[in-house]
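Numbering (my numbering), first residue to last: 712 to 939. Have a look at the structure below before the remarks.
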């Protein structure tokens with residue numbers, strides 16, 4: 712790793728001290744990651760973010776006082792919040808959706824190989840969403856399978872999502888669809904014949920115009936609209 716690369720300041724949040732110790736050891740071995748603090752509960756996150764100003768919070772879900780979903784939502788309501796990457800053992804559809812809707816930029820399982828967890832941290836900081844394969848399956852199943860969901864509510868959800876996307880210009884809509892297909896900014900630039908700065912500007916405009924937090928939420932909106 713280039714020594715000139717800025718350090719990623721990281722806060723680890725997990726109620727298991729052995730997990731925290733293992734993550735600190737693993738992540739600190741990367742020369743571009745600095746584990747600046749640890750928390751054993753979501754209720755402690757706000758104060759530690761104020762004190763240490765991390766770029767990214769690696770967040771567990773189940774914790775005794777405040778779970779990771781509530782802690783993520785609270786963090787993302789802050790001005791200029793850190794990114795949040797969920798690292799958990801749970802892949803139920805409700806957890807995946809709640810985490811992404813709360814503003815998490817990724818969802819990774821704890822049994823993921825160490826090198827992939829390090830890569831996930833870097834990818835989130837590069838603006839690329841990160842989802843484990845199990846989380847992707849749950850997400851697609853939840854968004855596309857109408858079983859157990861009343862027809863009118865699913866129809867209303869689709870219409871609402873389509874109406875939000877209708878606020879976008881044609882090129883922004885094109886970029887939103889490409890984001891939902893999982894393309895990186897470089898891939899979107901090549902496919903849509905745009906410069907990389909133009910793609911980044913379009914993504915930023917989409918997030919601002921639609922009141923979204925990250926690329927994953929763009930993809931969720933496109934899925935809910937039935938366009939992918």
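Yeah, the Cβ is synthetic: ideal placement off N, Cα and C, and Gly gets one too.
Using a 10 angstroms sphere on the CB of residue 919, the tally of other CB atoms stays under 16, which defines it as exposed.
By the 16-neighbour rule on beta-carbons within 10 angstroms, residue 765 is buried. Counting along the chain, residue 721 sits inside no alpha helix (DSSP H); it lies in the beta strand (DSSP E) bounded by residues 719–724.
Separation of residue 828 and residue 772 (C-alpha to C-alpha, rounded to the nearest whole angstrom) is 16 Å.
Taken atom to atom, the span from the alpha-carbon of residue 871 to that of residue 889 is near 20 Å. Using a 10 angstroms sphere on the CB of residue 816, the tally of other CB atoms reaches 16 or more, which defines it as buried. Annotation: the continuous alpha helix (DSSP H) that includes residue 898 extends over 896–903. Nearest to residue 770 by C-alpha distance, out of 831, 824, 743, is 831.
Cβ neighbours of residue 735 within its own chain (closer than 8 Å, five residues either side excluded): 723, 746, 749.
Residue 872 carries a helical assignment under DSSP once its states are collapsed to helix, strand and coil. As for any alpha helix (DSSP H) of minimum length 4 sitting wholly inside the region 750–799, the runs are 756–763, 779–787, ordered along the chain. When the alpha-carbon of residue 726 is set against those of 789, 761, 799, 742, the nearest one is in 799.
Note that the region 866–886 touches the region 927–935; at least 3 beta-carbon pairs, one per stretch, sit closer than 8 Å.
Straight-line spacing of the CA atoms in residue 780 and residue 718 works out to 26 Å. In this structure residue 921 is not in contact with residue 835, their Cβ atoms being roughly 20 Å apart against a cut-off of 8 Å. Assignment of residue 733 by DSSP, reduced to helix, strand and coil, places it in the helix class. Between the C-alpha atoms of residue 805 and residue 923 there is a straight-line separation of about 19 Å.
Residue environment analysis places residue 822 among the exposed positions, since fewer than 16 neighbouring C-beta atoms fall within 10 angstroms of its C-beta. Per the coordinates, the alpha-carbon of residue 776 lies some 12 Å from the alpha-carbon of residue 756.
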